[in-house]
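Residue numbers (the working numbering): 637 to 862. All remarks here apply to the structure that follows.
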Amino acid sequence: MSSGEATATRRTEVQVVDGRGRSVSTAVLFEVVLVMEDLAAGALIRVEADPLPALDSDIRAWCQSTGHELVGVENMVEARQYTIRKVGGRRSLPGWAIVISNPGLEELLSPLGFALGAALAGSRVALYFQGPAVRVLTRSFSEKLGGWKRPFSGIARRRLENMGHPTPHVKLRQLSHLGAKIYICGPSMDHFKVTSADILFPGVQVAAYPTFVGEMNAAGVHVFLQ
Numbered sequence: 637m638s639s640g641e642a643t644a645t646r647r648t649e650v651q652v653v654d655g656r657g658r659s660v661s662t663a664v665l666f667e668v669v670l671v672m673e674d675l676a677a678g679a680l681i682r683v684e685a686d687p688l689p690a691l692d693s694d695i696r697a698w699c700q701s702t703g704h705e706l707v708g709v710e711n712m713v714e715a716r717q718y719t720i721r722k723v724g725g726r727r728s729l730p731g732w733a734i735v736i737s738n739p740g741l742e743e744l745l746s747p748l749g750f751a752l753g754a755a756l757a758g759s760r761v762a763l764y765f766q767g768p769a770v771r772v773l774t775r776s777f778s779e780k781l782g783g784w785k786r787p788f789s790g791i792a793r794r795r796l797e798n799m800g801h802p803t804p805h806v807k808l809r810q811l812s813h814l815g816a817k818i819y820i821c822g823p824s825m826d827h828f829k830v831t832s833a834d835i836l837f838p839g840v841q842v843a844a845y846p847t848f849v850g851e852m853n854a855a856g857v858h859v860f861l862q
């Protein structure tokens, strides 16, 4: 095979991401981003996903935000197939600064979901964990429902897993891979007896309000969730 034929073959190869069985778009798109990291501009990737309205909207919106070309959409039996062409370069998007104060199982879904959505689109993301949420960054953390629902935490966790929601620790690893910066409130660490040795993730910066104000000044989007 000549070099020209080899190049043509590589260009027509299509990488496949099987996202079927998951209704959480950020979990599917994270796999897409991982595959794209090893592909050259112009390469094609095929995403197979359940034909859900939210997934369809999110995949189309992600292509629009990132600039990757949505070449085609094909309806299959109990699935929908998206063909996407990788585009070189990176769009300039507003940064996100997110403050998280509540470590509850349900309360973590939105802030980590928004953070992943922004990071997957290419935005710079900074997260600040304060109050009881500093425990989220520790090795021993296990998210639980609040109040009277607490005994049912295991059932709720399994339901989220079945939907395709990774655990908060997995989501934070994904965010770190995507370049997110994670801060932990020093005074909250003292109050809730969390030490630096307890922190699971490398690169977490111990800080307080003035440090994160710098991130907020640089960001275009601010999210506060109590």
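Beta carbons: idealized from backbone N, C-alpha and C, even for Gly. The model shown is predicted, which means the values in this text are computed figures rather than measured ones.
Mind checking residue 841: buried by the 16 CB within 10 Å criterion, or exposed?
-> Here residue 841 refers to the residue found at position 205 when the sequence shown is read from its first residue. By the 10 Å Cβ count, residue 841 comes out exposed.
Jot down the residue ranges of each uninterrupted alpha helix (DSSP H) in the segment 675-709, minimum 4 residues, whole runs only, in chain order.
-> 689-702
Starting from residue 858 and walking both ways along the beta strand (DSSP E), at which residues does that stretch end?
-> Within the sequence shown, residue 858 is the residue found at index 222, counting from 1. Residue 858 -> beta strand (DSSP E) spans 857-861.
Check whether the segment 823-833 touches the segment 692-700, taking contact to mean three or more Cβ pairs, one atom from each stretch, closer than 8 Å.
-> no
Within the segment 751-778, ranges of the beta strand (DSSP E) (whole runs, at least 3 residues) | 761-765
For the beta strand (DSSP E) that contains residue 719, what are its first and last residues?
-> Taking the sequence shown and counting its residues from 1, one reaches residue 719 at position 83. It spans 715-721 - the beta strand (DSSP E) in which residue 719 sits, taken as one unbroken run.
Status (buried if at least 16 other CB within 10 Å, exposed otherwise) for residue 755 = Counting from 1 along the sequence shown, the entry for residue 755 is found at position 119. In the assembly as shown, residue 755 is a buried residue. Its beta-carbon has 16 or more other beta-carbons within 10 Å.
Is the segment 742-758 in contact with the segment 704-717, if contact means three or more CB pairs nearer than 8 Å?
-> At 8 Å Cβ cutoff, the stretches do not touch.
State yes or no: is the C-beta of residue 819 within less than 8 Å of the C-beta of residue 860?
-> Working through the sequence shown from its first residue, we reach residue 819 at position 183. Working through the sequence shown from its first residue, we reach residue 860 at position 224. Cβ distance not < 8 Å, so residue 819 and residue 860 don't count as in contact.
Could you spell out where the alpha helix (DSSP H) holding residue 663 opens and where it closes?
-> Looking up residue 663 in the sequence shown gives position 27. Start and end: 661-673.
Drop a sphere of 10 angstroms on the beta-carbon of residue 816, count the other beta-carbons inside from all chains shown, and report buried for 16 or more, exposed for fewer.
-> For the purposes of this step, residue 816 is identified with residue 180 of the sequence shown, where counting begins at 1. Flag for residue 816 reads buried.
Under the three-state DSSP convention, the category residue 807 falls into | Sequence index remark: in the sequence shown, residue 807 carries index 171 (1-based). Reduced to three states, the DSSP call for residue 807 is helix.
For residue 650, which three-state DSSP category applies?
-> As a working note, residue 650 is residue 14 in the sequence shown. Note: residue 650 maps to strand in three-state DSSP.
Could I get the ranges of all uninterrupted beta strand (DSSP E) runs contained in the segment 792-841, with 3 residues as the minimum, in chain order?
-> 817-821
Residue 854, enclosing alpha helix (DSSP H) - first and last residue | Locating residue 854 in the sequence shown gives position 218, counting from the first residue. From DSSP, the alpha helix (DSSP H) with residue 854 extends over 845-854.
Is residue 834 closer than 8 Å to residue 794 when the C-beta atoms are compared?
-> By one-based count along the sequence shown, residue 794 stands at place 158. By one-based count along the sequence shown, residue 834 stands at place 198. The answer is no: Cβ separation not under 8 Å.
C-beta contact flag for residue 836 and residue 805 at 8 Å | Locating residue 836 in the sequence shown gives position 200, where the first residue counts as 1. Locating residue 805 in the sequence shown gives position 169, where the first residue counts as 1. With contacts defined as CB atoms closer than 8 Å, residue 836 and residue 805 qualify as a contacting pair.
Rounded to the nearest angstrom, how far is the Cβ of residue 655 from that of residue 664, given a contact under 8 Å?
-> As a working mapping, residue 655 is identified with position 19 in the sequence shown. As a working mapping, residue 664 is identified with position 28 in the sequence shown. Sure, about 3 Å apart at Cβ, within 8 Å.
Going by DSSP, name the residue or residues bridged to residue 711.
-> As a working mapping, residue 711 is identified with position 75 in the sequence shown. According to DSSP, which records beta bridges pairwise, residue 711 is partnered with 716.
Just mark residue 761 as buried or exposed, buried being the case when its beta carbon has 16 or more other beta carbons within 10 Å.
-> In the sequence shown, residue 761 corresponds to position 125, counting from 1. Taking all protein chains shown into account, residue 761 has 16 or more neighbouring C-beta atoms within 10 Å of its C-beta and is therefore buried.
Can you name, in chain order, every residue of its own chain whose Cβ lies under 7 Å from the Cβ of residue 748, other than the five neighbours on each side?
-> Taking the first residue of the sequence shown as 1, we reach residue 748 at position 112. So the list reads 804, 807, once near-sequence residues are dropped.
Between residue 855 and residue 728, what straight-line distance do the alpha-carbon atoms span, to the nearest angstrom?
-> Residue numbering aside, residue 855 sits at position 219 when the sequence shown is read from its first letter. Residue numbering aside, residue 728 sits at position 92 when the sequence shown is read from its first letter. Looking at the two C-alpha atoms, the distance is approximately 12 Å.
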